[in-house]
Structure formats: C-alpha cells, structure tokens
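Here's the structure we're looking at; comments come further down.
Number of protein chains: 2
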Amino acid sequence: MKNLLPTVMMMEKRGVEVMNDEVKMIDRKEKLVFLSNQSIAYDKLVLAIGSYPIKPNLPGANLQKVYTIVKDATFLAGMFEDVKDCNNFSIIGGGFIGMEMAEEIKKMRPEAAVQIIEMQDHCLKLVYDDDYCALAEAGISEQGIQLLVNEKLEAIVGTKQVEAIRLASGKEIKSDCVIFGIGCLPNTKLAVDAGLDIGPARGIAVNEFMQTSDPSIFACGDCAEKKSFFDSSPSGLRLASIATAEARMVGVNLYQLKRENKGTIGVFSTYLGKKTYAAAGLTAKDAKNKGYDVIIGNAEAINRHPGGMPGAEMLKVRLLFDGKDMHLLGGQVYGAASGGELINVIGALIAKKVTAEEIVLFQAGTHPALTASPVAYQLVNAAEAAMVAHLNR
Amino acid sequence: MKNLLPTVMMMEKRGVEVMNDEVKMIDRKEKLVFLSNQSIAYDKLVLAIGSYPIKPNLPGANLQKVYTIVKDATFLAGMFEDVKDCNNFSIIGGGFIGMEMAEEIKKMRPEAAVQIIEMQDHCLKLVYDDDYCALAEAGISEQGIQLLVNEKLEAIVGTKQVEAIRLASGKEIKSDCVIFGIGCLPNTKLAVDAGLDIGPARGIAVNEFMQTSDPSIFACGDCAEKKSFFDSSPSGLRLASIATAEARMVGVNLYQLKRENKGTIGVFSTYLGKKTYAAAGLTAKDAKNKGYDVIIGNAEAINRHPGGMPGAEMLKVRLLFDGKDMHLLGGQVYGAASGGELINVIGALIAKKVTAEEIVLFQAGTHPALTASPVAYQLVNAAEAAMVAHLNR
C-alpha cells in the first residue's frame, strides 16, 4: 500500500516502531498476536483494521476492468493506467466516491462517456436533502457526466473483459470499465476469529471507551461498530472524521478509561465541479425517521461583500432544528470553498447541542474578501429563518 | 452616504419606511424625535448611530490631504481621486484599517512610498500575539510598504497642504497624504443631549437587554457601551460582528425583553497580501491581564492533503485556554482564505465555553481539496497541543 501522507515517518519520529506485516491470528488467552513469521506479546491491543469496499455478488462482477476503490495510490495509479483507453465508464453508486470518481475520469478522458448509476431517486441522498442533491446532480451533469437514478444494476456483461452493464429496468449500457462506489463493510475477520462480539451494524462491537468484548482489546475507525450521536441507534457511517476522533479516544483510553464516545455525527465534505458540497448531522428525512419534528432554516448569499468583489461565489446554508427545543440537528452547505470549514462550525454546534437562538446571537466575524456581510451571514440567517418558521407554524 | 449593500431596498421590501434625514433632538418626556422639518412620535426608540473615526488634536491635523476613514463609498471614491497623484503616503495606526488602507494605496500607486506609523511595538497588537503580528508585518513589508513601529506622531507639517509628518523620535517623513486609522469613538451627542447615561468606555450606557437609562430607548452597535464577554469589564471593541448581534437582540427586545447580551467576544478577520489574518477572543497578553493562567496550543498544516494538491496554502491556528479548567479563551488564524470561516468556529466555541478535551474529540470533516487531512486538522491539533502543554507544565 502506498500512502501519500507522511504518516509512517511521523510515527517513527515519535518513537513508534512501524512493522509492515500481516496479522494472521490473535491469541487472547496468551495475549499474543501472530504475524507471518513471528508472534508479539501485548498488554493492550488496538484493532484499527478499517473496511473494504463492497462488490456485489452479481453475474460478471469478476470480469476484467471491474473495480472497487481502495485508498491506495499504487492501486489507483495502476487502475487509471489500465483504463486510460476505455471509452464507456459506468460508475455504480452516486455517493461521494462515485461522484468524485466520475469527475476524475471525465477530467482524464473528456471524450469518453461516463455514467453514474444510482439506485435511489437522487445522488448523495444519504447526506443531503433532495433539493441539495439536485444542486450536486446539476453540477455533475454540467460536466457531461450522465446520471441514471432509480436504476439498479442487475448484471455485468462480457466474456473476459466487461462489455456492458444490464440494469433491472432492462436497459443495457455499453461499458468497457465498471467502478463500484456503493459503500464499504468493516474488516472483522480477525475479530470474529478471535471470538470478539460483532455489532448490529456489522462492526466490531465496542463500549463507550472503545473497548471490544475483551477489555484488553480496543477497536476504532471503520472496523469498529458505530452508534448515532442522536439516538444511539446502530450507524453505518464510516468516515475519516469519525475514525480519527475515535483514534484520539483510544490513544488516551489505553492508559486510563477517560474519553467517552458520544456517537457519530457524520460530517462530510466534497468538492465537485469547483463547488463545495458538505453536510453534518441529520437530513430532514433522517430526522423525521428518528421522530423529530424538524424545523428548517435556509439562507444563501455571495461569500463576499459587496457581491462584486473578486472571487465572489454563492454559499448556501441549511440548518435543521428539533422543533421541541430548537437545538441543532443537522446542516447542509453548498458553494464556495470556505464551506469546507463552515461545515465544521455546524458539526461543532451539533456536538454542543446549540439552539437557533444561540446561533442568532453569535458574533460572527465577516470580511469583504472572505465572507458574506454581517447582515447576510448565512449561518446566522439560516438560524433566524428557522426561528421564523418555528413561530409561523 | 452611499452604501454599496442593498440594505435600504431590503428594509423597504419588509415594510420598513426609510427616511433620509437628521435627528436634531430627542424629547424623552413627550416621546418625540425632531428631524429637520418635522417631529415623529415614538413608543420605543432605537439609537443605532454608530461611531466616528478619531482625529487627534495635533498641529496640522486640519491641513489638506489629511484624512480619517469613514465607510462611505462616495467619500472613499472622492478621497482616492484627490490623492491619486500623491507620492508619499503616511498611514497613522497599524490596526486593521491602517493595514488594509496601506495595501489598497500601494496597489493603486505601486511607485509611491507608503509607510505605516504604529505607536506600539507591533501592528495588530490588540488582536494578535506578537509572533502572529510579525507574520502580518512581513506580509505587508513584502509589498514594499514601510512599517515604523514604536513611533508616535507629534505633528503634521505643511502650510495649506500636508508636506511632512514629525514623529516624537524626531524623525521627519515627507508626506503629501496622511490617513488616520487609530480607532473610533461612539456617537453619543444625541444621547448626552437627551440626558441618557454614558458608560466608562464612552458609549451610551445599556443594560443586558440593550436598554439605555431610559427603558423606552434602546441603543446598539458602535454607539452603545460594550462589556467584555470574559469578565464584564468595559470594552473598547467596536465591530460589525458585535453590532449586528446586538441589533438582533434589540429587534426582539423591542417586543419582549428576551435576548440578553453576554458581552463582546471580538471576532476579527482581514485579508492582506492574499493571506487571511483572523482572531477571536483574548490574546495571551489580554488573558494574562485578566488573571488567567493561559495555556497555548499551536498547529499548522497545508489546507490540502496531500500537500501537493492545487491551491495548497499554509493555515496556522493558535488556541488559548484557561489553565484552570481548559476552556477556550481565544484563537488566532493565519493563512488560507478558509480561515475566514474557521475563525467563526473558534468564536462559537468561545461563546459555548468549550474545553480542549471537547475540541479534541470533534468529528471534523476534511477533504483533500478543501482542508488539511484528518490527522493534521489544525483546530483539533492545536487543542491537543494545548493539552500536552497543560500536562507538561
């Protein structure tokens, strides 16, 4: 695996010995980990073994030029090399991975046909409300990428190499490359073999301190079971933002059980067609499903003031509140690149259960070259709009 | 006054009658406001009459081509027209206004000499710690603007028009234009004439609901007295972020005394030489002066990952905590434009008295094209660094 980030070097600098090997087995009774040619004793063990991309068990799924995406520079470089002469790319799944991959391929091969096949009625549906999904879809379509929603893949057709895909609707689409971006599943084999418990969302079960069913063994990141911040229900979210927060819990809890996991909020961002798409917490649909009486506030403004300033771009913000006490449940951001930080304001405010009233009274810093004006500042105005919506019910 | 923002139009759209006239007097007994040719009765009155820039009473201060800056497009266009052939610009005061003005003038007239005269040992000293001030100073110097710190203006020399400035150190600097950016004072004349109380920071005294000493009259924005969020001491801060938050309090309190002013945090941002400079809350020196045992955490990283991504820029973050319980007191940001939103994360976290531990456990969203990597995310890492500093004391 090639990692473009200087992680190993950073670890070694801090006195961590990094070994590149495979763990074959964990012996919990003897507290031993077996590698290819040796075993290592442990007092505490951390499983941070990630997840693997899902490839459905469909006809033709193992044909040549059918890929799943792993975060490995060597693999990606090899894949791009292998498909550089393909003319018909089918991307299965319109989540972040599928959308980003479609855009990268279209940039690399502008003359090729690139299509995204999405089972639901919208792309990015898990993190965005429908109208925000539509913004992302328009941005992707503008780049000449075709979107097929409400379409389910039934089979991949070909003899040695992929030649087409067949959809449940009967459509057949010529394809010389198929890429899956339909999510991932926790890596649990080692844990299962060691007799550790597995949770309802298929991750390695952990308590609030990230201990597995064996208190000497911790798990964090994509391999560990997740619970929602909002109602502690099992969560399928697997994100770097969650993994790194969990790792910071485990790092301390190895020494003293101090840092408690309050559950996953889900903070996402991506950048497609030079626009930011970001979300945190619950969508309106999620919130309704969890029994909340959702109040929504929207605001949009140019990220400069006056709007004629160089670099001016639209920045839209939606905030979702619990109608009972008007605390923040979720937020969505679209537009200017500064949205990548703005979503972290929203994530932090969700974590702190801040109310619309508190947001309205925030002293938000603004500057002509950096943000909307103080009277148009989107975060504050979306909260104000939600308060008005709450009053006018 | 020309306002480039569509404020009046927005007001009229919402049914507010906007009159362009001058208030000559308030008759509190009769509840009347006297304009040029008429009087208007009121039940509740809001004073939102702003501040005026300070021009010191020094020899030569009234010579031609000596300016203070008011936020009025007509005035600014006229001033720039008047000084377009000047060759030696002296800017008095190295705060945000002085720094921004120096940069604008240097852009307009690259061949002219532009110098900033600052009384303190650093520019932006009110909002930044010394090393962050030094970053801003280097950015300004790189543009060919000369900085003179520890220098006090003593007189402006000239017969009809300014010809030079004389400093307390004895230096004389050739100047055919002098611009003051040394702060502003609340507009209180109307309030004083009406017998309303004035506060120790020279603003119109207000209670926590923004009522003046006459409960039918409210004041907000630059004209109103300010108190610090941290210790309720009188505050000289006058910022759009504070003014608009206060206006949102008054807007509701006119109908029902509901929104309480918790005091000024002070959230600033500016953009000089294509770098963001932003700050919120207390500097290390402020915090020490207020009796806090300050713990500082620093982090810096490129705002992309890997760092070779297009658009990669440095983003530095400093967080300051109260050593007693490690709650957040202040923050400083330097570098990439997304810092203009990041400072609002910090401002919100100060308002919510969030601790370093809570920040460390935030699920911060990151994306290769928008932010540092999840392991390098500056806000979280600055909090972690502060926790380490706290442990190692």
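If you read the sequences in order, they're chains A and B.
Sequential numbering from -11 applies to the first sequence in the numbering used here.
Sequential numbering from -11 applies to the second sequence in the numbering used here.
Every residue gets a Cβ at the ideal spot worked out from N, C-alpha and C, and that includes glycine.
If you keep only unbroken alpha helix (DSSP H) runs of at least 4 residues inside the stretch 44 to 109 of chain B, you get 61 to 70, 84 to 96. Rounded to whole angstroms, the separation of the alpha carbons of Phe84/A and Lys53/B is 57 Å. In the DSSP assignment, Gln366/A falls within the alpha helix (DSSP H) that extends over 366 to 379.
DSSP, reduced to helix, strand and coil, places Met237/A within a helical segment of the structure shown. One Cα belongs to Phe256/B, the other to Leu114/B, and the distance between them is close to 11 Å. Straight-line measurement puts the Cα of Leu123/B at about 39 Å from the Cα of Arg247/B. The alpha carbon of Lys250/A has as its nearest neighbour, out of Met67/A, Leu20/A, Phe217/A, the alpha carbon of Phe217/A. Each of Gly353/A, Ala364/A, Lys278/A, Asn241/A was checked against the Cα of Leu303/A, and the nearest Cα belongs to Ala364/A. Nearest Cα to Met96/A within the set Glu106/A, Asp109/A, Asn76/A: Asn76/A. Interface criterion not met: the Cβ of Pro222/B is under 9 Å from no Cβ in chain A. Annotation: the continuous alpha helix (DSSP H) that includes Ile128/A extends over 118 to 129. Cβ-Cβ distances below 6 Å link Ile283/B to Phe309, Gly311, Ala374, Ala377, His378 in the same chain, with the five nearest sequence neighbours on each side left out; the list follows chain order. Note on geometry: alpha-carbon atoms of Lys32/A and Gly183/A lie some 16 Å from one another. Runs of the beta strand (DSSP E) spanning 3 or more residues and lying entirely within the stretch 19 to 46 of chain B occur at 20 to 22, 27 to 29, 33 to 35, 39 to 41, in chain order. In this structure, Leu307/A lies away from Gly296/A, with their beta-carbon atoms at least 9 Å apart. Between Ile14/A and Leu23/A, the C-beta spacing is not below 9 Å. Secondary structure at Ser257/B: strand, using DSSP grouped into helix, strand and coil. With a threshold of 9 Å between beta carbons, Phe350/B makes contact with chain A. Taken through DSSP and simplified to helix, strand or coil, Cys211/B comes out as helix.
In this chain, the alpha helix (DSSP H) harbouring Lys276/A covers 272 to 277.
Taking a C-beta cut-off of 9 Å against chain B, none of the residues of the stretch 4 to 30 of chain A qualify.
The distance from the Cβ of Thr176/B to that of Lys215/B is about 17 Å, inconsistent with a contact at the 8 Å cut-off.
If you ignore the 5 residues before and after Lys263/B, its C-beta comes within less than 7 Å of the C-beta of Gly127, Tyr322, Gly323, all in its own chain and listed in chain order. Bounds of the alpha helix (DSSP H) holding Ile347/A are 344 to 348. DSSP places Ile192/B outside any alpha helix (DSSP H), giving it a letter other than H or E.
Ranking Ser78/B, Ile80/B, Glu88/B by CA distance to the CA of Gly261/B puts Glu88/B first. Distance from the CA atom of Leu316/A to the CA atom of Ala267/A, rounded to whole angstroms, is 13 Å. Secondary structure at Ile133/A: coil, using DSSP grouped into helix, strand and coil. With contacts defined as CB atoms closer than 9 Å, Asp313/B and Thr343/B qualify as a contacting pair. Going by C-alpha positions, Lys12/A is about 15 Å away from Val34/A.
In terms of beta-carbon proximity, Val(-4)/B stays away from the interface with chain A, with every pair separated by 9 Å or more. Under the Cβ distance rule, Met237/A counts among the residues neighbouring chain B, one pair being separated by less than 9 Å. Scanning its chain for C-beta atoms nearer than 6 Å, with the 5 sequence neighbours on each side dropped, one finds around Thr56/B the residues Pro41, Lys43, Phe168, in chain order. If the five residues before and after Thr354/B are omitted, its C-beta is found closer than 8 Å to the C-beta atoms of His293, Ala360, Ser361, Pro362, Tyr365, all from its own chain and listed in chain order.
Scanning the stretch 286 to 347 of chain B for uninterrupted beta strand (DSSP E) segments of 3 residues or longer gives 302 to 310, 316 to 323, listed from N- to C-terminal end.
Judged by beta-carbon spacing, Gly171/B lies beyond the 9 Å limit of Val137/B, meaning their Cβ atoms are not closer than that value.
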